[in-house]
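Numbering-wise (the working numbering), the sequence shown opens with residue -2 and increments by one. Positions of the beta carbon are idealized from the N, C-alpha and C atoms, including for glycine. Here is the structure we will look at.
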Amino acid sequence: MQRRQTLKKAKRIVVKIGTSLLISGAAGVNKIFLSKLAKEIAALRQEGREVIVVTSGAIGTGMAAMQCTEKPRTIPGKQAMAAIGQPRLMQAYSQVFSKYQLTIAQILLIADDIQNRERFAHARHALVELLRLGVIPVFNENDTVAVEEIKFGENDTLSAHITHLAEADVLIILTDVGGLYTCNPAENREAKLLEHVEKIDRAVEAMACGPGSELGTGGMATKIKAAKMVTGMGKEMVIADGRLPKMLTRILAGEPIGTAFYPPR
Ligand code: GLU
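Structure representation (structure tokens):
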């Protein structure tokens, strides 16, 4: 509990939103969820905090626009859906966030951009300038140009890199489960939610196996990988259920919700 107090002081926050929260099947972008998110971000800004969003949902939005019910299996198929969906997704963000006087900016990256020192620096300068202007940067992977060797593959890993790029204090991954459980809660009633993880060892990794939802790409395993990266940088990470009311506000008030991962002491 004591350690959660540090979240109260977090100034710069990266929030990753999973596809399962953002997309309601054939209806496309879930504007009710987006609206709640925008309202919370506006309140956090009032407290003097800076918020950076890492969004998923381009492929899901593309699928809804094309009335396609099954996720394409081929890379060009997914890339096409992402290309159709990304502008629609950003339009929804822009429209909803503007109701809360928030301006958003789109930044699309691939893993290569993070590994290349020069491009990393360029992205960082642009990001710092956007934050100075009071704008909410919204990141996604540049799916249309990312082929296997140069892509992050899922946005949990991307969000850990963005935490590094932004020198943020904390990464919050919002998803459709309550956090990390001792075993899969969908399969085992005995599953218990872990409030804290002090060290990511084999036992923790073993709790996280199993894929994610139908539309999203990552499961718990990619979130644990992200937690390893983030805590390795000396930052905290929280996984929590984004469907619950006022999640960001409550997490950043130090309430014991979701699972918090801490850097080694
Ligand atoms: N970049 C993908 C999209 O926007 C999401 C990857 C993921 O679900 O993690 O659809």
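Would you list the residues sitting across from Q64 in a DSSP beta bridge?
BP columns for Q64 are empty, so no partner.
By how many angstroms is the C-alpha of E37 removed from the C-alpha of Q76?
31 Å
Between I81 and chain D, is there a C-beta pair that is closer than 8 Å?
The chain inventory of the structure shown lacks chain D, comprising one protein chain alone.
CB of P302 within 8 Å of CB of A102, strictly:
Limits of the chain in this structure are -2 at one end and 262 at the other, which puts residue 302 out of reach.
Quick one: using the 10 Å Cβ neighbour count with 16 as the cut-off for buried, is Q263 buried or exposed?
No information on residue 263 is available, as it lies outside the stretch -2 to 262 that the chain covers here.
Here's a check: name, in chain order, each residue in its chain whose Cβ is nearer than 6 Å to the Cβ of S91, leaving out the five neighbours to either side.
I101
What is the residue span of the beta strand (DSSP E) that T3 lies within?
T3 -> not in any beta strand (DSSP E); alpha helix (DSSP H) instead, spanning Q2 to K5.
Once you ignore the five residues that flank I197 on each side, which residues in its own chain have a CB closer than 8 Å to its CB?
I221, A224, K225, T228 and F258
First through last residue of the beta strand (DSSP E) which encompasses F136:
I133 to E138
C-beta atoms of I14 and L128 nearer than 8 Å:
no
Assigned secondary structure, E211 (DSSP; H/G/I helix, E/B strand, else coil):
With a pLDDT of only 46 at E211, under 50, the local geometry of the prediction cannot be trusted, and the value read off the model is given with reservation. Here E211 sits in coil by DSSP.
Would DSSP call Y90 helix, strand or coil?
helix
Along the beta strand (DSSP E) that carries L105, what are the first and last residues, could you check?
I101 to L106
Which residue from T52, D110 and R85 puts its Cα closest to that of A35?
T52
Based on the DSSP secondary-structure assignment, which residues constitute the bridge partners of K13?
V51 and I170
Between T256 and I236, is the Cβ-Cβ spacing less than 8 Å?
yes
Could you pull the start and end residues of the alpha helix (DSSP H) that F117 belongs to?
R114 to R129
Below 8 Å between beta carbons: does that hold for I49 and M78?
no
Taking its Cβ as the centre, do 16 or more other Cβ atoms sit within 10 Å of N185, making it buried, or is it exposed?
exposed
Does any heavy atom of the ligand GLU sit closer than 7 Å to the C-beta of D140?
yes
Strictly by DSSP, which residues pair up with T256?
I236
Do A108 and A61 count as a contact pair if the criterion is CB distance below 8 Å?
no
Do R46 and A7 have their C-beta atoms within less than 8 Å of each other?
yes
Any non-hydrogen atom of the ligand GLU closer than 7 Å to I264 Cβ:
Any answer about residue 264 is impossible in this case: the structure gives the chain only from -2 up to 262.
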